[in-house]
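Residue numbers for the sequence shown follow UniProt numbering, so the first one is 1 and each next one is one higher.
C-beta atoms are modelled at their ideal positions from N, C-alpha and C, and glycine is treated no differently.
Here the structure is a predicted model, which means the values were calculated and not measured.
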Amino acid sequence: MHPGHPITLPVLRASLAATALAATAHITPAGTWLPGLRRTFLPTLTGLGDPDHVALTFDDGPDPRSTPHFLDVLDGLDTRATFFVMGERLAEHPELGRDIVRRGHELAVHGWTHSRPWLPAPGRDLREVSGAAEEVRRISGVRPRWYRPPYGILTGGRWAAARRCGLRPVLWSSWGRDWTADATPKGVLETVRGQLYGVGDTILLHDADLSGSDRWRPALAMLPELVGGLRASGLTVGPLVDHGLVPHAGARKAPGPSERPGPAADTADAAPV
C-alpha cells in the first residue's frame, strides 16, 4: 500500500472477508474425511462400487522394505490391488513401481509427499498431484485414474488439482487403522470387517510405514484371512479399475515432469493414510 493511501476500515473488512472466503472454500471439502458424512452424502467418494466386488487398496508406498512382502502374499492369493503411491518414493524406487505393475496391480496417485494441505496454495496443490501423476505415468506407461489425498484430507485445492489432472478422488469405506503402534493382525482384521458395508466396499490398508518402523506387518499377516473371508462370502477382491467406478473424463492435460515438486517441509508421519 502506498504511504499516501492508508488502509481504510472498509478495505480491511473486504480483504479479510475475501481471505476467509478463500480459506473456507479450500478447507470445507475436507469434511468428507468424516466417514458418516461421506457415506451418507458422497457414496462414490467412499469408493462404493459393484455390489459383488471389493476393491483392495494400499497407501504410502512403494517401500523396498515392505512392499515386496505384500506383492508376494498377493501373488500367493492370486489377488490384484490398487497401490496409491507417493511420487517421491516412486522416483526413488522406480524398479519397485515397475514390479508392482508387472505383477498385475494398478498404480494410483497419493501425492508427491505426505503433506497436510491446510492452507490454500493452488500452485502447491497442483505440483503435488501432477508431479505424482506424471511419475506414475512414466513408470506404468499409462495415465493414472485415481487420487487419494494424504490423510484423506480432500481440500478444495487438492480436488481442483485432481480434476485438472484427470483423476477421480476415491477415499474408502473401510480401513484397518493398521498404522497404530498397538496394531495386531487380529485387531486390524476386526477393524476392517467391522466397517464393511457388504456391498461394493473399498478397503484401505498400508504397504509401508512413514515412520520407518514395521507397523505394516499386522496388515500383511492378516491379508490371507481377510481375502479368504471375503471370497467365502461370495465376493470378488480386486483393484479399483475392476470396481465399477467411472474415472473422471473431462480432464485437461496434466502438467509435465518439469513441474514435479521437490521435497516438502510439511511431511507428517502420524496417521499416514
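(request) Classify G187 as helix, strand or coil using the three-state DSSP reduction. (result) Residue numbering aside, residue 187 sits at position 187 when the sequence shown is read from its first letter. Helix.
(request) Measure the alpha-carbon distance for P150 versus S233 and round it to whole angstroms. (result) Counted from its first residue, the sequence shown places residue 150 at position 150. Counted from its first residue, the sequence shown places residue 233 at position 233. Going by the C-alpha atoms only, they are around 31 Å apart.
(message) Please classify V54 as buried or exposed, where buried requires at least 16 neighbouring CB atoms within 10 angstroms.
(response) Taking the sequence shown and counting its residues from 1, one reaches residue 54 at position 54. Under this definition V54 is a buried residue.
(message) Using C-beta distances below 7 Å, list every residue in its chain close to G250, excluding the 5 sequence neighbours before and after it, in chain order.
(response) Counted from its first residue, the sequence shown places residue 250 at position 250. Residue confidence for G250 is low, a pLDDT of 41 falling below 50, so the modelled location carries little weight and cannot support an answer.
(request) Report yes or no: do three or more beta-carbon pairs, one from the region 172-187 and one from the region 109-128, lie closer than 8 Å? (result) no
(message) Checking 7 Å against the spacing of the C-beta atoms, do Y197 and S173 come in under that value?
(response) As a working note, residue 197 is residue 197 in the sequence shown. As a working note, residue 173 is residue 173 in the sequence shown. Result yes, Cβ atoms of Y197 and S173 sit closer than 7 Å.
(message) In the DSSP assignment, the beta strand (DSSP E) including L77 goes from what residue to what residue?
(response) Position 77 of the sequence shown holds residue 77. Counting along the chain, L77 falls outside any beta strand (DSSP E), though it belongs to the alpha helix (DSSP H) covering 67-77.
(message) I'd like the span of the beta strand (DSSP E) that includes T236, first residue to last.
(response) Locating residue 236 in the sequence shown gives position 236, where the first residue counts as 1. It spans 236-238 - the beta strand (DSSP E) in which T236 sits, taken as one unbroken run.
(message) Using only the alpha-carbon positions, how far apart do P247 and R145 sit?
(response) What you label residue 247 is simply residue 247 of the sequence shown in a count that begins at 1. What you label residue 145 is simply residue 145 of the sequence shown in a count that begins at 1. Near 6 Å, if we compare the C-alpha coordinates of R145 and P247.
(request) Let me know the alpha helix (DSSP H) ranges lying completely inside the region 196-251, each 4 residues or longer, listed in chain order. (result) Listed in chain order, they are 217-232.
(message) Using CA atoms only, rank isn't needed, just tell me which of S213, I100, R137 is closest to A183.
(response) Within the sequence shown, residue 183 is the residue found at index 183, counting from 1. It is S213 whose Cα lies nearest to the Cα of A183.
(request) Indicate whether the contact test is met: 3 or more Cβ pairs, each with one atom in the region 160-168 and one in the region 188-205, closer than 8 Å. (result) no
(request) Use the C-beta contact count for D78: other C-beta atoms within 10 angstroms, 16 or more gives buried, fewer gives exposed. (result) In the sequence shown, counting from the first residue as 1, residue 78 sits at position 78. Exposed, by the Cβ-count rule.
(request) Quickly, what does DSSP pair T57 with across the bridge? List them, please. (result) As a working mapping, residue 57 is identified with position 57 in the sequence shown. DSSP output for T57 lists T82, L204 as bridge partner(s).
(request) Identify which residue in R138, A208, L223 has its Cα closest to the Cα of A59. (result) Here the question's residue 59 lines up with position 59 in the sequence shown. The residue you asked about is not Ala; residue 59 is Asp in the sequence shown. Out of R138, A208, L223, A208 has the C-alpha closest to the C-alpha of D59.
(request) Ignore the nearest five residues each way along the sequence and tell me which others in V199's own chain have a CB closer than 6 Å to its CB. (result) The residue given as residue 199 occupies position 199 in the sequence shown. Taken in chain order, the residues that qualify are P51.
(message) Mapping the DSSP letters down to three states, classify S174 as helix, strand or coil.
(response) The sequence position of residue 174 within the sequence shown is 174, counting from 1. If DSSP states are grouped into helix, strand and coil, S174 belongs with the strands.
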